[in-house]
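Each residue of the sequence shown is one higher than the last, beginning at 1 in the UniProt record's numbering.
Following: one structure in structure tokens, then a few remarks.
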Amino acid sequence: MANGDIQSKVAQFMRGRNGADELGMLTVEVALILGIVNAFARQLWLGVVVVALLAYAVFRVVSTNVGQRRKESYGVVSKLGPVRPWITNPRKAFEENRAYKHASCPQCHQHVRVPRGKGLLRVTCPTCKEKFEVRS
Numbered sequence: 001m002a003n004g005d006i007q008s009k010v011a012q013f014m015r016g017r018n019g020a021d022e023l024g025m026l027t028v029e030v031a032l033i034l035g036i037v038n039a040f041a042r043q044l045w046l047g048v049v050v051v052a053l054l055a056y057a058v059f060r061v062v063s064t065n066v067g068q069r070r071k072e073s074y075g076v077v078s079k080l081g082p083v084r085p086w087i088t089n090p091r092k093a094f095e096e097n098r099a100y101k102h103a104s105c106p107q108c109h110q111h112v113r114v115p116r117g118k119g120l121l122r123v124t125c126p127t128c129k130e131k132f133e134v135r136s
């Protein structure tokens, strides 16, 4: 069987399916971390959890109910929004937190980044152009 033939068969199989999304990738990453922990701990229940997480990730990839999978992914990813920078790049998040303060617009709740240590600042929201004061 030729390599191109296999690729076309896989592409045909994946047509109309969810594919790898953020929640699926997060599930695989958690399973990988737990698998590494289980390599040292050697707990049966932890191995079962790893296999269950990997099975769930595969289920998400091949699912044809794309709308439901998108809804699930959005729900989880939106909850992880504030902690996501600390998970992906802790050093950068720490430096960002030390140099800037994050405020939200009272009108549209858009997050705005202002430099720390400048006292009382008058900020204009980039979205709704509302002017408000923030203590940095």
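Just so it is clear, CB atoms sit at the ideal spot from N, CA and C, and this is done for glycine as well.
Residue i classed as buried or exposed, judged by whether at least 16 other C-beta atoms fall within 10 angstroms
i	result
Thr27	buried
Leu32	exposed
residue 204	A query on residue 204 cannot be resolved here, the shown segment of the chain reaching from 1 to 136 and no further.
Val66	exposed
Asn18	buried
Leu44	exposed
Arg69	buried
Distance between residue j and residue i (C-alpha atoms, nearest Å)
i	j	result
Val62	Val114	43 angstroms
Gly47	Ser8	34 angstroms
Phe94	Leu121	22 angstroms
Ile87	Val30	12 angstroms
Tyr56	Val49	10 angstroms
Lys71	Ala52	21 angstroms
Arg42	Gly4	41 angstroms
Gly117	His111	18 angstroms
Val10	Phe40	36 angstroms
Glu96	Val37	30 angstroms
Thr124	Val134	10 angstroms
For residue i, the first and last residue of its enclosing beta strand (DSSP E)
i	result
Lys101	Tyr100 to Ser104
Glu133	Lys131 to Arg135
His109	Premise fails: His109 is in no beta strand (DSSP E) and is neither H nor E.
Start and end residues, alpha helix (DSSP H) containing residue i
i	result
Val77	Val66 to Leu80
Arg60	Leu44 to Val62
Pro85	Arg84 to Thr88
Gln12	Asn3 to Met14
Ala20	No alpha helix (DSSP H) holds Ala20; DSSP gives it neither H nor E.
Which residues DSSP lists as bridging residue i, in chain order
i	result
Leu121	Val134
Pro126	DSSP, once it has assigned bridges, lists no residue as partnering Pro126.
Arg113	His102
Exercise for the section: Count the C-beta pairs between the stretch 71-84 and the stretch 5-24 that are closer than 8 angstroms, then say yes if the count reaches three, no if not. Expected result: yes
Exercise for the section: Tell me, please, whether the stretch 115-132 touches the stretch 88-107 by the rule of three or more beta-carbon pairs shorter than 8 angstroms. Expected result: yes
Problem - the stretch 51-69 contacting the stretch 3-18, beta-carbon criterion three pairs below 8 angstroms - result: yes
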